[in-house]
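One structure below.
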Amino acid sequence: MISSKAFLTLLFVSLSCTGFESASANIINIMPSKDNTLYEYDPAEGDHSNGAGFHFFAGENAMGEIRRGVLAFDIAGAIPPGSTITAVSLSMNMSMTPTGAVTVELHKLLADWGEGTSHAPMGEGDGAPATPNDATWRHRFFDSVFWTTQGGDFSATVSASQSVAGTGQYTWSSTQMIADVQSWLDNPGSNFGWLVLGDETGGATAKRFDTRESASPPVLTIQYTGAPRARPTPRPRPTPAPRP
2 MISSKAFLTL
12 LFVSLSCTGF
22 ESASANIINI
32 MPSKDNTLYE
42 YDPAEGDHSN
52 GAGFHFFAGE
62 NAMGEIRRGV
72 LAFDIAGAIP
82 PGSTITAVSL
92 SMNMSMTPTG
102 AVTVELHKLL
112 ADWGEGTSHA
122 PMGEGDGAPA
132 TPNDATWRHR
142 FFDSVFWTTQ
152 GGDFSATVSA
162 SQSVAGTGQY
172 TWSSTQMIAD
182 VQSWLDNPGS
192 NFGWLVLGDE
202 TGGATAKRFD
212 TRESASPPVL
222 TIQYTGAPRA
232 RPTPRPRPTP
242 APRP
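Residue numbers for the sequence shown follow our numbering, beginning at 2 and rising by one.
Laid out in structure tokens, this is it:
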């Protein structure tokens with residue numbers, strides 16, 4: 002018959018043989034690694050961009066010209082591989098608008114793109130002549146690498162949407178954003194960020210958001226749990242025989 006002391010020793014060894022430590026929850030805030038505006042192409046004006054600007058735009062201006070924002074985050078550089086993403090939210094500051102509430106959507110980009118040194122003057126709504134490697138309405142990287150579809154290659158699936166009215170901070174959050182970020186962590190080569198799509202059904206709907214170069218950059222907040230860490234399994238020690 003086994004003694005109570007021997008039983009407790011065997012129980013401890015059995016529990017220790019699981020070999021893994023529980024994962025802990027973590028929260029991290031990261032700013033974009035790049036952002037830009039795709040200004041609808043006008044042959045009379047040429048290809049415009051705003052790679053180094055303080056703002057990007059989403060929607061239509063008063064002339065009916067479309068603007069689309071693009072932004073990306075270095076997920077793999079901020080979160081350990083093997084982690085599980087549990088929550089995601091994107092906060093952006095909208096700093097100028099000519100209209101009331103419109104819906105602004107995030108769509109997962111399907112191809113890489115660039116951020117050059119272009120910097121639009123004044124309110125930045127018209128952009129500036131594109132510089133090498135800028136993203137434009139036609140180009141992923143100005144002036145030799147093109148989008149498959151002008152205006153950006155992006156998923157038709159809406160990753161998140163938010164009603165944007167007056168100036169201020171707005172937040173996007175959804176289960177699809179969690180899936181997007183998880184896929185970018187697991188496959189960094191597929192991380193091209195999101196396209197910010199505004200109301201393109203009528204003029205004067207554009208919303209101006211602040212970029213990473215501004216004093217109020219976009220912030221992506223990610224909650225994740227790290228991969229369980231294996232730990233050495235202790236070797237069982239012989240239990241002394243009970244004294245008679």
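Backbone N, C-alpha and C define an ideal beta-carbon position, used for all residues, glycine too.
Those residues which DSSP pairs with residue i across a bridge
i, result
"W138", "Bridge partners of W138: none, in fact."
"N30", "T222"
"W195", "L72, K109"
"F147", "H140"
"F210", "F57, M95"
"S217", "Answer is none; S217 lacks a bridge partner."
"I175", "Per the sequence shown, residue 175 should be read as Ser rather than Ile. None; S175 has no bridge partner."
Beta-carbon proximity of residue i to residue j, cut-off 7 Å
i, j, result
"L39", "G153", "yes"
"Q177", "Y171", "no"
"A79", "I29", "yes"
"W185", "L91", "no"
"W114", "R141", "yes"
"T150", "F143", "no"
"G65", "A121", "no"
"N94", "D211", "yes"
"F57", "G70", "yes"
"G117", "G52", "yes"
Nonlocal neighbours in the same chain, by C-beta distance under 7 Å from residue i, ignoring five residues either side
i, result
"G199", "A59, G60, V103, V105, T206, A207, K208"
"G101", "A166"
"N155", "Position check: residue 155 holds Phe in this sequence, whereas Asn was assumed. Excluding residues within five positions, the ones whose Cβ falls inside 7 Å are H108, K109, L110, L111, L196."
"S34", "A73, F74, D75"
Secondary structure of residue i, DSSP reduced to three states
i, result
"I67", "strand"
"Q170", "strand"
"G60", "strand"
"P229", "coil"
"D127", "coil"
"A157", "strand"
"I76", "coil"
"S92", "strand"
"D187", "helix"
"D43", "strand"
"D1", "A query on residue 1 cannot be resolved here, the shown segment of the chain reaching from 2 to 245 and no further."
"T38", "strand"
"T85", "strand"
"T100", "coil"
Residues near residue i in its chain [Cβ-Cβ closer than 6 Å; skip 5 each side]
i, result
"D181", "K109, S160"
"M97", "R209"
"S175", "A161"
"Y42", "W138, R139"
Same chain only: Cβ atoms within 8 Å of residue i, ignoring 5 sequence neighbours per side
i, result
"T226", "A24, S25, A26, N27, S84, T85, T87"
Residue i beta carbon near the ligand NAP (any heavy atom closer than 6 Å)
i, result
"F74", "Inclusion of the ligand NAP in the displayed structure is not the case, the ligand content being empty and no account of it being possible."
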